[in-house]
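In our numbering, the protein residues as written are 673 to 947.
Heads up, the thing below is written out as structure tokens.
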Ligand code: SF4
Ligand code: SF4
Ligand code: SF4
């Protein structure tokens, strides 16, 4: 398991106010567009969630959940079936388990707080996916893993992420992580449900995408983010043992790519030692 040396404080975050989301999916489209992801043909599904899940090509998906919403009308408390959309992408964990699990150091945290995968270094072993509590990184047809980048290229150019900028109802508040966590604590003090602050049950500690919802949409948070993490730290236990095997496989692959045709494996080894 590699130690994470990048800063875990500072940088940016996003507050997601689920009460304001109307499920228009403009954020999905903006993400595809800005990040050069190809448009995908979708099919009607009974859940409205469309496309149905994150993929290597789709980094943001609006999930729809159905639940019982409590409405208070004067002294009367009513329960009714309600549908709530939840825009979802990489959570950009403060202490990302995916980066710790990666045996070749292909995942790093930028000074903006974005957790990014270096496609050129990724060897497609899948440890990031196994370690991610949110089941985010997905394997592409080239064998490498892909996910949301927090639009770090836009942030570095002084802009907000594409999904944040396009949302017509102001669901997302983007800003320095200290301001975002402080705003989230204020919402919690008002009695709203908050997810992403002070997570103690998994290695990621907290997330840079923090979700808030009022009681009548709280069910969407508990369905999207179950009390227990989707992955446990147990999956990381095999990493140090397996790392040598994975690395040697990756090195063999790289050497075979670097080897001029006609040159035997032994020759390149001798050459490497002699140089
Ligand atoms: S663009 Fe805003 S309102 Fe529309 S689905 Fe995304 S978060 Fe919800
Ligand atoms: S949500 Fe998953 S992929 Fe994203 S930073 Fe956290 S562990 Fe890594
Ligand atoms: S931050 Fe950028 S890459 Fe991430 S979901 Fe939003 S638009 Fe997509």
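Cβ coordinates follow ideal geometry from the N, Cα and C atoms, glycine included.
Owing to the predicted nature of the structure, the values given are computational and were not obtained by experimental measurement.
Practice prompt. Please report how far the alpha carbon of residue 813 lies from the alpha carbon of residue 791, in whole angstroms.
Written response: If I take the Cα positions, the gap works out to 13 Å.
Worksheet entry | Distance, residue 740 Cα to residue 752 Cα | Straight-line Cα distance between these residues: approximately 5 Å.
Worksheet item: Less than 8 Å between the CB of residue 728 and some heavy atom of ligand 2, yes or no?
Response: no
Discussion item. Using a Cβ-based criterion (distance less than 8 Å to any ligand heavy atom), does residue 836 qualify as near ligand 3?
Written reply: Residue 836 Cβ: within cutoff of ligand 3.
Discussion item. Restricting to runs no shorter than 4 residues, where is the alpha helix (DSSP H) found entirely within the segment 723-803?
Written reply: 769-773, 799-803
Worksheet item: What do you reckon, are the CB atoms on residue 760 and residue 880 nearer than 9 Å?
Response: no
Discussion item. Starting from residue 882, trace the beta strand (DSSP E) in both directions and tell me its first and last residue.
Written reply: 881-885
Practice prompt. Kindly list the residues whose CB is nearer than 6 Å to the CB of residue 798, restricted to its own chain and excluding five residues on each side of it in sequence; keep chain order.
Written response: none
Worksheet item: With burial defined as no fewer than 16 other Cβ atoms inside 10 Å of the residue's Cβ, what is the status of residue 821: buried or exposed?
Response: buried
Worksheet item: Which of helix, strand or coil does DSSP assign to residue 687?
Response: DSSP, reduced to helix, strand and coil, places residue 687 within a strand of the structure shown.
Item to complete: Could you pull out every residue in the same chain whose Cβ sits closer than 8 Å to the Cβ of residue 869, ignoring the five residues on either side in sequence?
Response: 853, 856, 857, 860, 878, 882
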